[in-house]
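Asks: Below is the structure I would like to discuss, written out as structure tokens.
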Amino acid sequence: MKKQLLVLAVLLATVTWSYGQITKNDTKLSRGYLRLGFSNFGQELKDDFSNFSVNDGGAFDHEASMLANLTNGRYGAKRGYVFEFGRNYYFNKTSLLPLFPTKIGIDWTQLSLTYNELDWSNIIERDRAAGYEVEEMDFFAASVSSKLGPVISVNLIDKLVVDVRAQLAATYFVGWLDYYAYNDEDERYFTFMPEKDVDEEEGGLGEFTKLGKFGFKQNYGATVRYGGIGLSLDYFPGSFKYEYETSEGNGEVQSGKEKFKNNMFQIKLSLTL
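In case it helps, our numbering puts the sequence shown at residues 187 to 459.
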């Protein structure tokens, strides 16, 4: 409950501040926007090990292993949330096309926040059925981005406008995932925090910082709006390189550094001022 209240307080403060940002310029050469909606992150986990064999060396290559799930972007994420605000800066006051009023400019999404809980219940049920005890934790993925790129706005009819954008996104991503299952003789686990990177004195904040990765992603999107109200769709693909350590059991351990897909699809309500 405390976590939800904290998230709500941060969101309210951000909305208040962002409203001032997107309304402070009333010239026709720029339009501010505020977007709020859902973020679908990754895909469902695969947990079918019916053809799985550790002995033949397939432990970490099988598509249902924890490592293979994650490198292919299957995080088991629930439907999450996205909040963002920014401004379109246009280069021209008059239309570039004779038939439909058209403007070209730069779309700067000053701040974009996403949050998704990760549901590993299928993996938990699989391991419990195999006789393992599972240390349950709340797993999640979150990101903070600032996106910049060209935008084309076409006024099709009356107040109906379509914005099409392509952006480069400077992104800080946190994947909070540390799965551990065990019995008297064996263990299965996956972590983005190998033991050599863990400092017990740092506590939760230090771990949170180390789990964060900075990189650049792409963003492709469109907004259909009538007046100031609209609907936005965005595809936000990319990847981040993480160190990891994992075991599927029987003493087999693999560690290293891999690229993990980080693709999102977002649908948002948009307010343009």
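Using N, Cα and C, we set each Cβ at its ideal position, and we do this for glycine too.
Less than 8 Å between C-beta atoms, sequence neighbours within five positions excluded: which residues of the same chain meet that for G398?
Replies: These residues qualify, in order along the chain: Y358, F359, V360.
Asks: Between the beta-carbon of L417 and the beta-carbon of S441, is there less than 8 Å?
Replies: No, the Cβ-Cβ distance between L417 and S441 is not below 8 Å.
Asks: When we look at the beta-carbon of V439 and count the other beta-carbons within 10 Å, is it buried (16 or more) or exposed?
Replies: With fewer than 16 other Cβ atoms within 10 Å, it is exposed.
Asks: Among all the DSSP beta bridges, which residues are the ones paired with T357?
Replies: Partner(s): S331, G401.
Asks: Could you have a look at S339 and say whether DSSP puts it in helix, strand or coil?
Replies: Reduced to three states, the DSSP call for S339 is strand.
Asks: Rounded to a whole number of angstroms, what is the C-alpha to C-alpha distance between P284 and T432?
Replies: When rounded, the distance between both Cα atoms is 60 Å.
Asks: Considering only the beta carbon of each residue, do F378 and Y430 sit closer than 8 Å?
Replies: Yes, these two residues count as a Cβ contact at 8 Å.
Asks: First and last residue of the alpha helix (DSSP H) that includes N308?
Replies: Where N308 is concerned, the enclosing alpha helix (DSSP H) stretches over 307-315.
Asks: Could you tell me how far apart the beta carbons of Q296 and F269 are, in whole angstroms, since I believe they sit closer than 8 Å?
Replies: With a Cβ gap of about 12 Å, Q296 and F269 do not count as contacting.
Asks: With burial defined as no fewer than 16 other Cβ atoms inside 10 Å of the residue's Cβ, what is the status of R312: buried or exposed?
Replies: Buried, by the Cβ-count rule.
Asks: Along the chain, where does the alpha helix (DSSP H) that runs through M252 open and close?
Replies: M252 -> alpha helix (DSSP H) spans 252-257.
Asks: Taking all protein chains shown into account, decide if A316 is buried (16 or more other Cβ within 10 angstroms of its Cβ) or exposed.
Replies: Classification of A316: exposed, given that the 10 Å Cβ count is below 16.
Asks: N278 and S216 look like a contact to me (Cβ under 8 Å); what is the Cβ gap, rounded to whole Å?
Replies: Rounded, the Cβ-Cβ distance is 12 Å, inconsistent with contact.
Asks: Across which residues does DSSP place M450 in a beta bridge pair?
Replies: Its beta-bridge partners are F227, F422.
Asks: Using the C-alpha atoms, what's the distance from G228 back to T458?
Replies: Going from the Cα of T458 to the Cα of G228 covers about 29 Å.
Asks: With C-beta atoms as the reference, is F446 less than 8 Å away from F426?
Replies: In this structure, F426 lies closer than 8 Å to F446 by Cβ.
Asks: Can you name, in chain order, every residue of its own chain whose Cβ lies under 6 Å from the Cβ of R221, other than the five neighbours on each side?
Replies: Cβ neighbours of R221 beyond the five flanking positions: E270, S418, K454, S456.
Asks: Taking DSSP as the reference, what is the three-state secondary structure of K264?
Replies: Three-state result, K264: coil.
Asks: So, using beta-carbon positions, are F376 and Y368 closer together than 8 Å?
Replies: In this structure, Y368 does not lie closer than 8 Å to F376 by Cβ.
Asks: Going by DSSP, which residues form a beta bridge with T280?
Replies: According to DSSP, T280 bridges with nothing at all.
Asks: Would you give the residue range spanned by the beta strand (DSSP E) that N302 belongs to?
Replies: N302 -> beta strand (DSSP E) spans 288-304.
Asks: What's the call for D420, buried or exposed, on a 16-neighbour Cβ count within 10 Å?
Replies: D420 is buried by the Cβ-count criterion.
Asks: List the residues that DSSP assigns as beta-bridge partners of Y368.
Replies: Note: Y368 sits in a beta bridge opposite E319, E373.
Asks: I believe D462 touches S339 by the beta-carbon criterion, under 8 Å. Please report the beta-carbon distance rounded to the nearest angstrom.
Replies: Residue 462 falls outside the range modelled here, since the chain spans only 187 to 459, and no answer is possible.
Asks: Once the 5 residues before and after K232 are set aside, which same chain residues still bring their CB inside 7 Å of it?
Replies: Once the five neighbours on either side are set aside, the close Cβ partners of K232 are E249, A250, N255, R260.
Asks: Taking Y346 as the reference, give the member of M252, Y219, F286 with the closest Cα.
Replies: In the sequence as presented, Tyr is not what sits at residue 346; that position holds Leu. Per the Cα distances, F286.
Asks: For R265, count neighbouring C-beta atoms within 10 Å of its own C-beta (all shown protein chains included) and say buried if the count is 16 or more, exposed if not.
Replies: Result: exposed.
Asks: Bridge partners for D344 per DSSP, in chain order?
Replies: In the DSSP output, where bridge partners are listed per residue, D344 has none listed.
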